[in-house]
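Asker:
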Amino acid sequence: MLTRLHHAAIICADYPRSKHFYTEVLGLKILAENYRAERDSWKLDLALPDGSQIELFSFPCAPKRPSRPEAQGLRHLAFAVEDIDAVIAHLTAAHVEVEPIRIDPYTDARFTFFADPDGLPLELYEVTTP
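Next comes the structure, spelled out in structure tokens:
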């Protein structure tokens, strides 16, 4: 049935700011960028190295996402990284605030959270390559 996650879709408040964050700060590759005049909306298709994708949308007057306290629905988006310390150093150099590293009590893996420009919670989860 299901084989892998194909994409996650994100609606942003400030398209240029979020485009910069996901492409320049996080380094995702642009696959396609389209302006949809009938919706006054941008759609940016971004790729991670494993082929999974993020669709970044802008919509006029989109409501804000409730986050704290946590609301029902998607909790966060997690990115696998091989060297969490290097990624944290890269993010902090780009003035992105990163929470302290935690240890997953079930896997002993190191992880942490940060936020995109709209406050969407993003996670770094350290994995080892086989």
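Residue numbering for the sequence shown follows this note's numbering, beginning at 1136 and increasing consecutively. We put the CB at the ideal spot given by N, CA and C, even for glycine.
Smallest Cα separation from G1186: which of P1204, E1205, F1214, V1222?
Answerer: Within the sequence shown, numbered from 1, the residue matching residue 1186 stands at position 51. Ranking the options by Cα distance to G1186, first place goes to F1214.
Asker: Rounded to a whole number of angstroms, what is the C-alpha to C-alpha distance between P1240 and A1206?
Answerer: In the sequence shown, the residue the question calls residue 1240 occupies position 105. In the sequence shown, the residue the question calls residue 1206 occupies position 71. Computed Cα separation, rounded: 24 angstroms.
Asker: Sorted by chain position, which residues of the same chain lie with C-beta nearer than 8 angstroms to G1254's C-beta, five sequence neighbours on each side aside?
Answerer: Locating residue 1254 in the sequence shown gives position 119, where the first residue counts as 1. Answer for G1254: R1200, S1202, listed in chain order.
Asker: Give the DSSP bridge partners of I1189, in chain order.
Answerer: To locate residue 1189, count along the sequence shown from 1; it is residue 54. Paired residue(s): A1143, L1181.
Asker: Which partner residues does K1164 have in the DSSP bridge list?
Answerer: Here residue 1164 refers to the residue found at position 29 of the sequence shown. Looking at the DSSP assignment, K1164 forms a beta bridge with A1182.
Asker: Using the rule of at least 16 other Cβ atoms within 10 Å of the residue's Cβ for burial, across every protein chain shown, is I1238 buried or exposed?
Answerer: Here residue 1238 is taken as the residue at index 103 of the sequence shown, counted from 1. Exposed: under 16 other Cβ atoms inside 10 Å.
Asker: Would you verify that the beta carbon of R1174 is, or is not, closer than 8 angstroms to some beta carbon of chain B?
Answerer: Protein chains in the displayed structure number just one, and chain B is not present.
Asker: Give the DSSP bridge partners of L1245, in chain order.
Answerer: Position 110 of the sequence shown, counted from the start, is the residue given in the question as residue 1245. With the sequence shown as reference, residue 1245 is identified as Arg, and Leu is not the correct amino acid for it. DSSP, once it has assigned bridges, lists I1238 as partnering R1245.
Asker: Among P1252, P1204, A1197, P1256, which residue has its Cα nearest to the Cα of E1159?
Answerer: As a first step, residue 1159 must be located in the sequence shown, where it is residue number 24. Checked all of P1252, P1204, A1197, P1256; the closest Cα to E1159 is P1252.
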